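This report concerns only the one structure given below.
Number of protein chains: 2
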Amino acid sequence: MSLILKNVILNKKPCDIKIEKCRFAQIAPAITPNSADEVIDATGKAIFPGFYNLHTHAAMSLLKGMGDDKELFSWLSKDIWPREAKFNADIIYTGTKLAMLEMAKSGTVFFSDMYFEQAAIMKAVAEMGLRSAVSIVGFDMFDEKQTAQKMEAIKAFLDLENPNPDLIKKVLAVHSVYTVSAKLIEYTAQTARDNNMMLHIHASETKKEVDDCKKEHGCSPIVYLESLGALGPSTVLAHAVWLDDKDIEIIVKNQVKLVTNPGSNMKLASGMFQFDKLSKAGCIIGLGTDGSASNNSLSMFDEMKMCSLSAKIQANDPTAASAEEVFTVATRNGAQMMGIDAGTIEVGKLADCMLVNIDNPLMIPDNNPISNMVYAADSSVVDTLICNGKVIMQNHRLADEEEILAQAKTALKYID
Amino acid sequence: MSLILKNVILNKKPCDIKIEKCRFAQIAPAITPNSADEVIDATGKAIFPGFYNLHTHAAMSLLKGMGDDKELFSWLSKDIWPREAKFNADIIYTGTKLAMLEMAKSGTVFFSDMYFEQAAIMKAVAEMGLRSAVSIVGFDMFDEKQTAQKMEAIKAFLDLENPNPDLIKKVLAVHSVYTVSAKLIEYTAQTARDNNMMLHIHASETKKEVDDCKKEHGCSPIVYLESLGALGPSTVLAHAVWLDDKDIEIIVKNQVKLVTNPGSNMKLASGMFQFDKLSKAGCIIGLGTDGSASNNSLSMFDEMKMCSLSAKIQANDPTAASAEEVFTVATRNGAQMMGIDAGTIEVGKLADCMLVNIDNPLMIPDNNPISNMVYAADSSVVDTLICNGKVIMQNHRLADEEEILAQAKTALKYID
């Protein structure tokens with residue numbers, strides 16, 4: 000299978016790009032159309048890498064707008080948990096599809112998920128043709144019976160069939176230090192090391208989490224996680240809002256990856272990620288939207304803008320978190336952090352990309368297209384999405400859009 | 000001229016809405032189609048009020064992305080002023096059209112503008128069919144010759160023909176206390192009072208502005224403006240980031256209106272508007288995008304989300320600036336502040352509204368459509384825009400879109 004993008008704009012200049020199987024094979028002023036199985040006329044469209052959403056809870060798309068503007072605990076206990084209790088594998092499959100529809104339409108090719116019912120999620124991802132890191136979540140509420148059950152569940156997850164290993168990476172997760180016992184954290188971290196898997200953890204999201212951890216364990220969540228063997232180059236910490244200098248030193252030393260979720264952190268008034276300080280300290284940073292219940296958008300356009308703007312306010316410096324840096328965080332960094340050989344438009348790289356309408360007023364003037372992508376654009380600029388060399392969307396529409404929406408509406412009646 | 004919106008969703012229920020001339024005339028379960036000149040089948044679309052963008056510099060759309068992530072002075076002197084020096088009436092006409100195209104496509108029916116070449120701007124607005132407050136800007140850099148010239152220009156502006164008084168309101172403006180002499184501020188304020196006009200002022204945008212004003216005049220910009228007779232119910236202060244308790248008391252006492260521009264304030268690291276405190280103190284607040292050079296989007300969707308999220312962080316309270324409050328600020332408040340009898344979908348009100356695709360995944364689930372509009376939606380949900388009873392856009396396309404873009408591209412070559 001080969002595909003030519005004819006007359007596409009790359010770095011403000013038109014060219015032809017050939018994709019063979021799943022990779023960019025040739026970039027040249029003109030490539031003979033009959034040398035490929037398919038040709039897309041990309042006149043008037045610019046190519047950019049797709050977005051890598053490094054932290055979300057996809058199926059929570061079904062809970063969007065159900066309880067906003069509330070205190071965290073009242074929101075969780077009255078709005079979220081009672082509805083999540085009605086979730087089953089079918090509903091999670093449907094919610095994941097709805098989330099992927101929104102993500103595809105806003106240029107996202109990959110999402111790192113943390114939710115329940117991994118088989119259903121992997122089925123949805125494989126059908127959709129996007130990339131994902133699907134995790135099983137360590138979560139035991141310090142109850143020994145649950146600890147044992149979860150250990151068994153993790154073992155079973157290792158054996159669970161991956162319907163498309165090219166697109167889907169199985170990873171392990173620890174919900175947080177305030178919901179998971181030391182025993183289960185250690186077990187999950189050890190299992191990740193033994194199986195060469197990544198480890199995804201919510202850490203230092205709120206001041207309360209850090210204060211409580213200090214009371215309970217005499218140290219910050221970062222120091223505590225390090226003591227349990229949970230920090231290393233394969234660990235990805237989501238949120239990481241409340242870090243002190245010692246935490247930062249540990250993160251850099253262990254080459255731990257960080258994911259910032261500025262929209263969620265602002266909406267829940269959790270705090271602002273120290274983007275500029277952490278970037279300058281040498282931390283490796285990716286960008287995520289968090290789930291739809293706490294953002295409420297899965298658009299990486301929204302998230303890039305909030306990432307840059309909140310970083311500037313946080314650092315009191317308009318030069319912090321430039322458009323170029325944030326765009327790199329949302330594309331190349333995200334791919335690299337997840338071990339995906341993609342994130343840039345270069346021969347040899349996996350063909351994950353979007354085509355953007357350059358005649359959308361959001362993209363005009365084109366003095367600085369990256370600035371337009373970060374500060375001005377929204378999902379309406381995305382015409383075409385290609386993931387792993389396959390066309391997922393054209394003309395801003397997916398083939399099975401109506402079916403996904405109909406299924407979502409049925410699921411919503413069930414959980415309401 | 001009459002128009003029926005057939006089967007449109009209002010507050011989650013389908014109905015028919017009749018518009019006669021420029022106002023909503025009837026809202027009923029079913030209205031006979033042949034009782035109107037035109038019928039729009041609005042099946043699958045929900046009606047919302049249009050947005051009122053209370054502070055922008057529209058023609059700066061041509062400067063979008065030209066110098067981001069810089070210190071304010073370096074940005075103005077190296078990137079903005081040299082290009083603005085090349086602006087003439089034709090370029091400003093074209094830039095205003097480009098801005099209105101972006102605004103219409105993201106649901107905005109009104110913008111309060113502060114720029115040069117008022118005749119060109121009014122011509123553009125009248126052709127487009129949106130509403131605007133067009134101001135002449137007091138700006139003399141404390142140079143007596145310029146003061147005298149500007150006074151003459153203000154007199155001439157009073158006599159300038161308004162091509163469509165139904166849509167366009169002529170207002171006066173003072174750039175700021177750090178660029179305008181006391182004499183010109185007093186003259187502009189007096190002229191506004193004498194002619195029953197509104198007065199638009201940038202005030203207390205940065206800490207430096209406040210500190211410098213205290214050094215120069217021994218008081219804050221708000222106290223200084225009050226001493227010059229510039230504060231009253233017809234005064235609209237843009238930014239108003241750095242207000243102390245005395246300032247707030249003066250603002251409330253004088254019924255001065257405030258406009259927050261969260262995107263611009265964050266991008267330039269100016270600070271965060273005290274939304275929750277000011278709202279609770281009884282201040283009347285509208286929302287604006289500021290110009291494209293410092294945001295870089297004119298989308299009120301972006302701006303509503305940043306308004307709410309920055310307010311929550313600023314107040315350290317997730318319940319601050321709820322979706323409902325921020326949506327009201329962006330619609331009804333904006334209209335009321337500008338004396339426009341619109342901003343809600345009610346019989347008798349001016350027919351300023353948008354139709355939104357409810358099958359866009361950003362609007363699903365529809366548990367709380369207002370939350371979706373504020374936290375999840377972007378310009379891609381807007382199908383139809385109606386201003387003053389006239390259809391400006393359908394199917395997310397304006398009739399003269401190509402022409403506006405072609406003119407913008409020509410203008411860009413000239414200023415580059």
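In order, the protein sequences belong to chains A and B. Here numbering that gives the first Met the number 0 is used: the first residue of the first sequence is 0, the next is one more, and so on. Here numbering that gives the first Met the number 0 is used: the first residue of the second sequence is 0, the next is one more, and so on. Just so you know, even glycine gets a beta-carbon here, dropped at the ideal spot from N, CA and C. Note that the coordinates shown come from a computational prediction; the quantities given were computed from them, not determined experimentally.
Closer than 8 Å to chain B by CB, residue i
{"i": "residue 322(A)", "result": "yes"}
{"i": "residue 374(A)", "result": "yes"}
{"i": "residue 210(A)", "result": "no"}
{"i": "residue 8(A)", "result": "no"}
{"i": "residue 316(A)", "result": "yes"}
{"i": "residue 295(A)", "result": "yes"}
{"i": "residue 161(A)", "result": "no"}
{"i": "residue 377(A)", "result": "yes"}
{"i": "residue 63(A)", "result": "yes"}
Cut-off 7 Å between Cβ atoms - residues of its own chain near residue i, not counting five sequence neighbours on either side
{"i": "residue 355(A)", "result": "44, 45, 47, 362, 380, 381 and 382"}
{"i": "residue 294(B)", "result": "262, 263, 266 and 288"}
{"i": "residue 260(B)", "result": "54, 237, 238, 287, 288 and 289"}
{"i": "residue 62(B)", "result": "79, 82, 291 and 292"}
{"i": "residue 141(A)", "result": "180"}
Close Cβ partners of residue i (< 6 Å) along its chain, the five nearest in sequence each way excluded
{"i": "residue 56(B)", "result": "113, 114 and 290"}
{"i": "residue 205(A)", "result": "269"}
{"i": "residue 51(A)", "result": "109, 333 and 334"}
{"i": "residue 175(B)", "result": "201"}
8 Å Cβ shell around residue i - same chain, five flanking residues per side excluded
{"i": "residue 228(B)", "result": "185, 188, 189 and 192"}
{"i": "residue 225(B)", "result": "249 and 253"}
{"i": "residue 161(A)", "result": "121, 167 and 169"}
{"i": "residue 404(A)", "result": "97 and 100"}
Contact check, residue i vs residue j, beta carbons under 8 Å
{"i": "residue 30(B)", "j": "residue 410(B)", "result": "no"}
{"i": "residue 397(B)", "j": "residue 333(B)", "result": "no"}
{"i": "residue 262(B)", "j": "residue 299(B)", "result": "no"}
{"i": "residue 21(A)", "j": "residue 388(A)", "result": "yes"}
{"i": "residue 64(B)", "j": "residue 371(A)", "result": "yes"}
{"i": "residue 17(B)", "j": "residue 41(B)", "result": "no"}
{"i": "residue 280(A)", "j": "residue 312(A)", "result": "no"}
{"i": "residue 100(A)", "j": "residue 135(A)", "result": "no"}
{"i": "residue 322(A)", "j": "residue 391(A)", "result": "no"}
{"i": "residue 340(B)", "j": "residue 275(B)", "result": "no"}
{"i": "residue 234(A)", "j": "residue 198(A)", "result": "yes"}
{"i": "residue 95(B)", "j": "residue 138(B)", "result": "no"}
{"i": "residue 385(A)", "j": "residue 85(A)", "result": "no"}
{"i": "residue 350(B)", "j": "residue 23(B)", "result": "yes"}
{"i": "residue 284(B)", "j": "residue 242(B)", "result": "no"}
{"i": "residue 39(B)", "j": "residue 2(B)", "result": "yes"}
{"i": "residue 157(B)", "j": "residue 195(B)", "result": "no"}
{"i": "residue 406(A)", "j": "residue 107(A)", "result": "no"}
Below-8 Å beta-carbon distance, residue i vs any chain A residue
{"i": "residue 44(B)", "result": "no"}
{"i": "residue 358(B)", "result": "yes"}
{"i": "residue 382(B)", "result": "no"}
{"i": "residue 277(B)", "result": "no"}
{"i": "residue 198(B)", "result": "no"}
{"i": "residue 204(B)", "result": "no"}
{"i": "residue 367(B)", "result": "yes"}
{"i": "residue 284(B)", "result": "no"}
{"i": "residue 90(B)", "result": "no"}
{"i": "residue 268(B)", "result": "yes"}
{"i": "residue 301(B)", "result": "yes"}
Cutoff 8 Å: residue i Cβ touching any chain E Cβ
{"i": "residue 13(A)", "result": "No chain E is part of this structure, whose protein chains are labelled A and B."}
One or two residues paired with residue i in a DSSP bridge
{"i": "residue 137(A)", "result": "173(A)"}
{"i": "residue 393(B)", "result": "396(B)"}
{"i": "residue 13(B)", "result": "8(B)"}
{"i": "residue 432(A)", "result": "Any answer about residue 432(A) is impossible in this case: the structure gives chain A only from 0 up to 415."}
{"i": "residue 132(B)", "result": "111(B) and 168(B)"}
| request: Please list the segments of the alpha helix (DSSP H) lying wholly inside the stretch 320-359 of chain A, counting only runs of 4 or more residues, in order along the chain. | output: 322-327 and 333-336
| query | If you scan the stretch 22-53 of chain A from start to end, which runs of the beta strand (DSSP E) of 3 or more residues do you find wholly inside it? | reply | 22-27, 37-40 and 44-48
| task | Would you mind listing the alpha helix (DSSP H) stretches within the stretch 199-286 of chain B that are 4+ residues and don't spill past its ends, in chain order? | result | 206-216, 220-226, 244-252, 261-266 and 274-279
| field | alpha helix (DSSP H) segments (min. 4 residues) lying fully within the stretch 96-128 of chain A | value | 117-127
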